[in-house]
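Read through the structure below, which is laid out as structure tokens, and then see the notes.
Number of protein chains: 2
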Amino acid sequence: MATAVAVTISDAEWRVMRIVWTLKQTDSRTIINLLAQQHDWKPATIKTLIGRLVKKGALATTKQGRQFIYTPLIPEQNAMDTALTNELDQMCAMHRGTAIAHVLEQTEMSKADVQQLIDVLAKKLPTAPDTVHCDCLPGDCEGSCES
Amino acid sequence: MATAVAVTISDAEWRVMRIVWTLKQTDSRTIINLLAQQHDWKPATIKTLIGRLVKKGALATTKQGRQFIYTPLIPEQNAMDTALTNELDQMCAMHRGTAIAHVLEQTEMSKADVQQLIDVLAKKLPTAPDTVHCDCLPGDCEGSCES
DNA sequence: AGTTACAGTTTACAATTGTAATCGGTCGGT
DNA sequence: ACCGACCGATTACAATTGTAAACTGTAACT
Chain A
1 MATAVAVTIS DAEWRVMRIV WTLKQTDSRT IINLLAQQHD WKPATIKTLI
51 GRLVKKGALA TTKQGRQFIY TPLIPEQNAM DTALTNELDQ MCAMHRGTAI
101 AHVLEQTEMS KADVQQLIDV LAKKLPTAPD TVHCDCLPGD CEGSCES
Chain B
1 MATAVAVTIS DAEWRVMRIV WTLKQTDSRT IINLLAQQHD WKPATIKTLI
51 GRLVKKGALA TTKQGRQFIY TPLIPEQNAM DTALTNELDQ MCAMHRGTAI
101 AHVLEQTEMS KADVQQLIDV LAKKLPTAPD TVHCDCLPGD CEGSCES
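First to last, the sequence lines map onto chains A and B. With the numbering used here applied, the first sequence has no gaps in its numbers, which climb one by one up to 147 at the end. With the numbering used here applied, the second sequence has no gaps in its numbers, which climb one by one up to 147 at the end.
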């Protein structure tokens with residue numbers, strides 16, 4: 001593990017990454033064209049985002065003639081996992097399950113995905129603890145941890 | 001629906017909210033004491049966070065003598081759902097399922113929660129579409145959308 | 001060879017966030 | 001009646017982020 005420090009990608013930057021992840025590799029012209037359609041961002045704005053992503057180490061550049069070809073340096077699934085995990089980790093451990101349940105209800109997923117999730121959960125069931133305690137208060141959470 | 005605009009709570013603010021959510025109502029002294037244990041935040045820092053949360057409409061204040069009693073104005077579960085949904089929504093629709101799977105594998109949950117999730121998913125299975133397409137590129141994603 | 005056009009870099013600037021000191025008012029104690 | 005402790009408000013300041021203009025270099029076209 002070398003580049004483990006986990007680059008953080010901001011919301012706007014995330015849009016750029018999705019383009020590059022999907023196309024695997026592109027030039028800035030393409031990114032700018034595609035993004036200018038979805039949002040009404042000026043080319044300059046998108047250039048800034050690309051530049052920041054390169055500086056952050058999220059995108060690699062390969063010089064090709066006068067321009068660059070951009071490639072993702074961090075895998076999409078990896079970024080997704082990290083982002084979701086970070087979000088979840090800052091929440092009360094006791095309530096995470098319910099939050100995920102609500103999100104699942106509202107997320108459209110393919111049959112295969114739903115089945116995959118069921119499998120993962122089925123595998124978890126036997127080893128799952130009976131209770132997971134609230135970790136919102138410091139120390140041993142003296143008494144006040146109910147609900 | 002009146003206050004629907006959905007306050008955004010920053011990471012540091014989230015810590016404060018968790019205290020208030022767990023205690024249901026408290027004064028700043030308590031919040032400061034508890035948080036100063038978990039992080040090494042100066043009391044002034046925590047006061048700032050509380051102030052911002054009040055201004056944002058995330059905390060209500062009730063004057064009690066010289067001080068205030070703080071109460072959550074937005075429900076915890078609600079904030080959790082919104083935060084997770086926002087995060088997910090900015091990701092490629094096609095890959096959300098897998099991302100959730102990875103997160104599930106790493107999240108500790110009670111047996112009851114795991115079972116609840118299984119139930120939710122079982123109910124989703126019949127109506128789940130066969131495929132969910134990538135929505136990373138604009139327009140009709142002309143051809144270039146493969147895995 | 002000169003100019004255009006575009007790629008990438010630099011600079012800009014306001015809003016949000018993390019982190020905190022200081023100020024001003026008041027309640028409680030001496 | 002005065003002082004101190006403490007609460008909440010005001011001010012501060014750097015980093016990150018959203019948004020974008022301006023600058024610079026060079027490849028391509030005339």
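C-beta: ideal position from N, C-alpha, C; glycine also.
Close-in-space but distant-in-sequence residues of the same chain around residue i (CB under 7 Å, 5 per side omitted)
i, result
"L49 (chain A)", "A12, E13, V16"
"I9 (chain B)", "M17, A58, A79"
"A2 (chain A)", "Confidence is the limiting factor: at A2 (chain A) the pLDDT is only 47, short of 50, which leaves the residue's position unreliable, though a coordinate-based value still follows. None."
"Q106 (chain B)", "none"
Beta-carbon contacts of residue i that lie in its chain and below 6 Å, excluding the five residues immediately before and after
i, result
"T71 (chain B)", "Q25, A60"
"A44 (chain B)", "none"
"K124 (chain A)", "none"
"K56 (chain B)", "V7"
Same chain, Cβ closer than 8 Å to residue i, five either side skipped, listed in chain order
i, result
"L35 (chain A)", "R15, V16, I19, W41, I46"
"T30 (chain B)", "I19, L23"
"Q67 (chain B)", "D27, S28, R29"
"A99 (chain B)", "L88, M91"
"A93 (chain B)", "V132, H133, C134, D135"
Beta-carbon gap between residue i and residue j smaller than 8 Å
i, j, result
"A152 (chain A)", "T82 (chain A)", "The structure shown does not extend to residue 152 (chain A), since chain A spans only 1 to 147, so no value can be given for it."
"V103 (chain B)", "L88 (chain A)", "yes"
"Q115 (chain B)", "H95 (chain A)", "no"
"A101 (chain B)", "L117 (chain A)", "yes"
"M91 (chain B)", "M91 (chain A)", "no"
"P75 (chain B)", "Q38 (chain A)", "no"
Should the segment 124-132 of chain B be called in touch with the segment 103-116 of chain A, which here means at least 3 C-beta pairs below 8 Å? Contact between the segment 124-132 of chain B and the segment 103-116 of chain A is present, because at least three Cβ pairs lie under 8 Å.
Beta carbons nearer than 8 Å to chain A: which residues of the segment 43-69 of chain B have them? Hits within the stretch: zero.
Report the residue ranges of all alpha helix (DSSP H) runs contained in full by the segment 18-50 of chain B; include only those spanning at least 4 residues, in chain order. Runs found: 28-38.
Beta carbons nearer than 7 Å to chain B: which residues of the segment 8-20 of chain A have them? Residues D11, W14, R18, I19.
Any C-beta of chain A within less than 9 Å: which residues of the segment 101-116 of chain B qualify? Going along the segment 101-116 of chain B in chain order, one finds A101, H102, V103, L104, E105, Q106, T107, E108, M109, S110, K111, A112, D113, V114, Q115, Q116 with a Cβ nearer than 9 Å to chain A.
Under 8 Å, CB to CB, which of the residues in the segment 119-140 of chain A have a partner in chain B? Residues of the segment 119-140 of chain A with a Cβ closer than 8 Å to any Cβ of chain B, in chain order: V120, L121, A122, K124, L125, A128, P129, D130, T131, V132, C134, C136, L137, P138, G139.
Contained beta strand (DSSP E) runs [length at least 3] in the segment 52-102 of chain B, N- to C-terminal order: Unbroken beta strand (DSSP E) stretches of 3 residues or longer found wholly inside the segment 52-102 of chain B: 59-64, 67-72, given in chain order.
Residues of the segment 70-89 of chain B in Cβ contact with chain A at a cutoff of 8 Å, in chain order, please. Residues of the segment 70-89 of chain B whose Cβ lies closer than 8 Å to any Cβ of chain A, in chain order: E76, Q77, M80, D81, A83, L84, T85, E87, L88.
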